[in-house]
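Visitor: For reference, the structure I am asking about is given below.
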Amino acid sequence: MASFARRESQKLFQQEKRNRQEEEGKEEKEEKEQEKEKEKEKEEKPIQLAKLAEGKRKRKGYKERRRIKGERALCTEKEEKEQKEKASLVQPAAA
Numbered sequence: 128m129a130s131f132a133r134r135e136s137q138k139l140f141q142q143e144k145r146n147r148q149e150e151e152g153k154e155e156k157e158e159k160e161q162e163k164e165k166e167k168e169k170e171e172k173p174i175q176l177a178k179l180a181e182g183k184r185k186r187k188g189y190k191e192r193r194r195i196k197g198e199r200a201l202c203t204e205k206e207e208k209e210q211k212e213k214a215s216l217v218q219p220a221a222a
């Protein structure tokens, strides 16, 4: 009976030991995965920042083009007004 109890206690001890080792292995794997994720984030972050900057440049370019287009429209309006004024000034003088 004593030998049976001893074997059972050894089996339980071995099982607990295996369980602890498995848990430690799982924890190590999780830590490695977290480290890999952090490294990926570090590698991806400059790329993301570059994309954001590129998008801002594109938007800035769009805004700049719109501004220039607006200025051109204002210039043409001013020129048209000046031409009309000159034409109206020239007509009464000719009459």
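Read in this note's numbering, the sequence shown has 147 at position 20, and its numbers run on one by one without any break.
Each residue gets a CB set at the ideal place from its N, CA and C atoms; glycine is no exception.
Please read all numbers here as calculations on a predicted model, not as lab measurements.
1. Can you tell me the Cα-Cα spacing of leucine 179 and glutamate 143, whole angstroms?
2. Looking only at its own chain, which residues have a Cβ that is under 7 Å from the Cβ of glutamine 218, when we skip the five neighbours before and after it?
3. Note down the Cα distance separating lysine 208 from lysine 187, rounded to an integer number of angstroms.
Guide: Put simply:
1. 52 Å
2. Residues of the same chain with their beta carbon placed closer than 7 Å to that of glutamine 218 are lacking, with the five preceding and five following residues left out of the count.
3. 31 Å
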